[in-house]
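Engineer: Pasting in a structure now, in structure tokens, and then I'll have a few things to ask.
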Amino acid sequence: MIRKPEECVKEYREHMRDGAGTVEITNLATPAELNDKGRLFARITLNPGCSIGYHVHEKDSEIFYILKGTAEYSDNGEMKTVAAGDVTVCPVGTGHGIANHTDGVVELVAVIVYA
Numbered sequence: 023m024i025r026k027p028e029e030c031v032k033e034y035r036e037h038m039r040d041g042a043g044t045v046e047i048t049n050l051a052t053p054a055e056l057n058d059k060g061r062l063f064a065r066i067t068l069n070p071g072c073s074i075g076y077h078v079h080e081k082d083s084e085i086f087y088i089l090k091g092t093a094e095y096s097d098n099g100e101m102k103t104v105a106a107g108d109v110t111v112c113p114v115g116t117g118h119g120i121a122n123h124t125d126g127v128v129e130l131v132a133v134i135v136y137a
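Going by our numbering, the sequence shown runs without a break in its numbering and finishes at 137.
This is the structure we're talking about:
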């Protein structure tokens, strides 16, 4: 199966996880297409000033692959700068958040898999 970009379902979340602004999520696969082993495979766009607030993954893990831009990433409470090409891993039981404090767009791929 091949899915063209215009066929991907987009959603917009305001103040995602108590973050700032509106986050654009382009769903690349459904949970069923992930064989119910995960709940998210998506491209996420953070416009300038937007963020996903800090949250803990109780029953799953999340991986980000930064495609474009530079962002501030909370790695279980420790702030770090991430940029295009970086990979972040938030294992089950830990927390994270990400914020775009730049004038450019941040794009990333996010995958959430069940523990």
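Note that the Cβ used here is the ideal one computed from N, Cα and C, for glycine as well.
Here the structure is a predicted model, which means the values were calculated and not measured.
Please list the terminal residues of the continuous beta strand (DSSP E) segment that includes MET101.
Structural biologist: In the sequence shown, counting from the first residue as 1, residue 101 sits at position 79. Where MET101 is concerned, the enclosing beta strand (DSSP E) stretches over 100-105.
Engineer: Alpha carbon to alpha carbon, how far is GLY126 from GLY107?
Structural biologist: Position 104 of the sequence shown, counting from 1, holds the residue named residue 126. Position 85 of the sequence shown, counting from 1, holds the residue named residue 107. Their Cα atoms are separated by approximately 16 Å.
Engineer: For the stretch 27-34 against the stretch 49-61, do three or more pairs of beta-carbon atoms, one drawn from each stretch, fall closer than 8 Å, so that the two count as touching?
Structural biologist: yes
Engineer: When we look at the beta-carbon of MET38 and count the other beta-carbons within 10 Å, is it buried (16 or more) or exposed?
Structural biologist: If you number the sequence shown from 1, residue 38 lands on position 16. MET38 should be labelled buried.
Engineer: Ignore the nearest five residues each way along the sequence and tell me which others in HIS123's own chain have a CB closer than 7 Å to its CB.
Structural biologist: Sequence index remark: in the sequence shown, residue 123 carries index 101 (1-based). Result list for HIS123: GLU94, in chain order.
Engineer: Please return the same chain residues whose Cβ sits closer than 6 Å to the Cβ of ILE85, not counting the five positions on each side in sequence.
Structural biologist: Mapped onto the sequence shown, residue 85 falls at position 63. Here the set comprises VAL111, VAL133.
Engineer: Have a look at LEU62, TYR76, ARG25, PHE63 and flag the residue whose alpha-carbon is nearest the alpha-carbon of ALA121.
Structural biologist: The sequence position of residue 121 within the sequence shown is 99, counting from 1. ALA121 has its Cα closest to that of TYR76, out of LEU62, TYR76, ARG25, PHE63.
Engineer: Report the option in HIS79, LEU56, CYS72 whose CA atom is closest to the CA atom of GLY91.
Structural biologist: Start at 1 with the first residue of the sequence shown, and residue 91 comes out as number 69. The shortest Cα separation from GLY91 among HIS79, LEU56, CYS72 belongs to CYS72.
Engineer: Excluding five sequence neighbours on each side, which residues of the same chain lie with their C-beta closer than 6 Å to the C-beta of GLU129?
Structural biologist: Within the sequence shown, the letter at position 107 stands for residue 129. These residues qualify, in order along the chain: THR67, LEU89, LYS90.
Engineer: Tell me the residue span of the beta strand (DSSP E) that contains VAL114.
Structural biologist: Here residue 114 refers to the residue found at position 92 of the sequence shown. It is not in any beta strand (DSSP E) - VAL114 carries neither H nor E in the DSSP assignment.
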